[in-house]
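To keep things clear, I will list the structure first and then write my remarks on it.
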Amino acid sequence: MELIPLFMFLVVCLVLMAGYPVAFTLGGTALLFAFAGMISGQFDPSDLTFLPNRLFGIVTNQTLMAVPLFVFMGIMLEKSRLAENLLATMARLFGPVPGGLGIAIVVVGALLAASTGIVGATVVTMGLLSLPTMLKLGYSAPLSSGLICATGTLGQIIPPSIALVLLGDVISSAYQQAQLDMGVWSTKTVSVGDLFVGALIPGLVLVLLYILFVFGYSLFRPDKAPAASAEALGSADRGLLRELLTSLAPPLLLIVVVLGSILTGEATPTEAAGVGAFGALLLALANRQLDLSRLREVMRGTTRVTAMVFMILIGASLFSLVFRGFGGDETVQHLFEQLPGGVVTATLVVMLVIFLLGFILDFIEITFVVVPIVGPVLLAMGLDPVWLGVMIAVNLQTSFLTPPFGFALFYLRGVAPESVATSDIYRGVAPFIAIQVGMLLLLAAVPEMATWLPAQIYGTD
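In the numbering used here, the protein residues as written are -14 to 446.
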């Protein structure tokens, strides 16, 4: 009986590797095990009666309303040629510095990550716009491809991120469940805003480490990351300042308004997402990049992504309901309690499992399936919910970079020229994976990197 929940999880992984859609795999596997359990008398059919309440909770969840708004904001900014204009200006600004074009790509990638929050969109956009230019100017293929993949995954950790919105909502539910399991009825809460603030310092530190690596690499290997001539990038005349203001100020202002309204408590993440979506619409109009066909394209893209997210959430809710009906939460808790080393070993095991699952599952599936199972157990063992959320986000970011199955590598491979070999991409991401692992170790050693700023802003413990 105790092994049935583990078999459920194994079957889901096998079916997903066979290529079936995630949402229907989760729901279908859960129903098959539920029916088999009813026939054998090991599953109580009344547990399925909780499903309508769960689905009603999903569609009325105010926090999840931020998802379509942030998706709309990201896709609209992607279609408004924001990245193209920003990259050209930043390249002119940093180009004459050794490794300057690489630094420009890190800065632009970070801004795109904060604007769109979608890993695939950032990697593809930067790959199409910057990879041919880097190769043309003499940058090595491994450094160019590794840098683009790494900056693309910043969308996982730099707020406002769709991953953090979904993770924050799940962590909040897991934290309340953990407190109830411990007999604490006056529960504390953790919000998406807490996770946004907690991820801010680690995200900015990662950007700084990327920049330092590119600059240091260019000093030791100037032939692999040369400074670009003024003729190659356009003369740095007095018009550069005007171009910098016109290309950098609008997205930066939008990010400051969205994040600032959340940090100051003037708006909830959902309300801030609405402001961001409207702001992205205004930017597209200002850049004369908005017409009826483009708006239709953005709306269809938003609907497609949002429908996928909520279908996966529905399937994950059914899966977790059946998983708990078979006593899966008690099984996980029992396994963790039997591990030597207590909460430290349990956290290491969970991080390793999430890292490996990142090879075959997207962050949405891991957030909706894995975190509700292991989150309450780890939080009941005394972990800080904001720290755990940030650790999971950085861990997934590292997983998406790691060969041979990292999602960011597949995104770039799809748009990279044939002259860039797959082995170049794999070699290029290696130093950035080391930086990511270093960030995970730093967060583990100094949890205050994630918890200090929320405590200062919101006065939380």
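From the three backbone atoms N, C-alpha and C, an ideal C-beta is built for every residue, glycine too. Note that this is a predicted model, so its numbers are computed, not measured.
With distances taken Cα to Cα, identify the nearest neighbour of residue i among the options.
{"i": "residue 231", "options": "394, 204 and 74", "result": "74"}
{"i": "residue 263", "options": "9, 60, 426 and -9", "result": "60"}
{"i": "residue 143", "options": "128, 337, 414 and 91", "result": "91"}
{"i": "residue 88", "options": "212, 345, 58 and 167", "result": "212"}
{"i": "residue 83", "options": "196, 207 and 419", "result": "207"}
{"i": "residue 152", "options": "138, 356, 404 and 361", "result": "356"}
{"i": "residue 2", "options": "323, 289, 342 and 166", "result": "342"}
{"i": "residue 419", "options": "174, 402, 382 and 43", "result": "382"}
{"i": "residue 289", "options": "15, 57 and -5", "result": "57"}
{"i": "residue 251", "options": "442, 14 and 314", "result": "442"}
{"i": "residue 426", "options": "351, 128, 329 and 136", "result": "329"}
{"i": "residue 42", "options": "25, 238 and 302", "result": "302"}
{"i": "residue 410", "options": "-5, 38, 169 and 130", "result": "130"}
{"i": "residue 139", "options": "175, 170 and 195", "result": "195"}
{"i": "residue 148", "options": "325, 347, 190 and 281", "result": "347"}
{"i": "residue 126", "options": "108, 273, 306 and 414", "result": "414"}
{"i": "residue 157", "options": "145, 173, 167 and 394", "result": "173"}
{"i": "residue 254", "options": "287, 326, 306 and 154", "result": "154"}
{"i": "residue 396", "options": "137, 37 and 36", "result": "137"}
{"i": "residue 324", "options": "366, 350, 404 and 268", "result": "366"}
Looking only at its own chain, which residues have a Cβ that is under 8 Å from the Cβ of residue i, when we skip the five neighbours before and after it?
{"i": "residue 220", "result": "Legend: pLDDT at residue 220 = 47, less than 50; position of this residue unreliable, value from coordinates given subsequently. So no residue of the chain qualifies."}
{"i": "residue 428", "result": "187, 372, 375, 376, 379, 434 and 435"}
{"i": "residue 266", "result": "61 and 275"}
{"i": "residue 271", "result": "235"}
{"i": "residue 304", "result": "-7, -3, 11, 12, 14, 15 and 354"}
{"i": "residue 319", "result": "-13"}
{"i": "residue 406", "result": "126"}
{"i": "residue 249", "result": "none"}
{"i": "residue 124", "result": "86, 87, 209, 210 and 211"}
For residue i, which residues in the same chain have their Cβ closer than 6 Å to its Cβ, ignoring the five residues on either side in sequence?
{"i": "residue 431", "result": "none"}
{"i": "residue -8", "result": "none"}
{"i": "residue 257", "result": "243, 246 and 247"}
{"i": "residue -11", "result": "311"}
{"i": "residue 259", "result": "54"}
{"i": "residue 453", "result": "This structure cannot settle anything about residue 453, because the visible part of the chain is limited to -14 through 446."}
{"i": "residue 344", "result": "390"}
{"i": "residue -13", "result": "316"}
{"i": "residue 392", "result": "385"}
{"i": "residue 81", "result": "212"}
{"i": "residue 0", "result": "10"}
Identify, in the order they occur along the chain, each residue of the same chain with its Cβ nearer than 7 Å to the Cβ of residue i, setting aside the five sequence neighbours on each side.
{"i": "residue 30", "result": "23"}
{"i": "residue 321", "result": "331 and 362"}
{"i": "residue 317", "result": "358, 359 and 362"}
{"i": "residue 387", "result": "418"}
Would you check if the stretch 46 to 55 and the stretch 178 to 192 touch, i.e. whether three or more CB-CB distances between them fall below 8 Å?
no
Quick test of the definition: if touching needs 3 or more C-beta pairs under 8 Å, does the stretch 357 to 377 touch the stretch 325 to 337? yes
Query raised in the report: Mind pulling the alpha helix (DSSP H) runs of 4 or more residues that sit fully within the stretch -4 to 29?
Result: 7 to 25
Three Cβ pairs or more, each shorter than 8 Å: is that satisfied between the stretch 0 to 8 and the stretch 288 to 299?
yes
- Task: Identify every run of the alpha helix (DSSP H) within the stretch 180 to 256, keeping only runs that are complete inside it and at least 4 residues long; order them along the chain.
- Result: 215 to 218 and 224 to 248
4-residue-minimum alpha helix (DSSP H) runs that sit fully inside the stretch 298 to 358, ordered along the chain:
313 to 323 and 328 to 342
Any contact of the stretch 160 to 168 with the stretch 117 to 131, i.e. 3+ C-beta pairs under 8 Å? no
- Within the stretch 38 to 125, note down every full alpha helix (DSSP H) run reaching 4 residues or more, in order along the chain. 51 to 64, 67 to 79, 85 to 101 and 104 to 121
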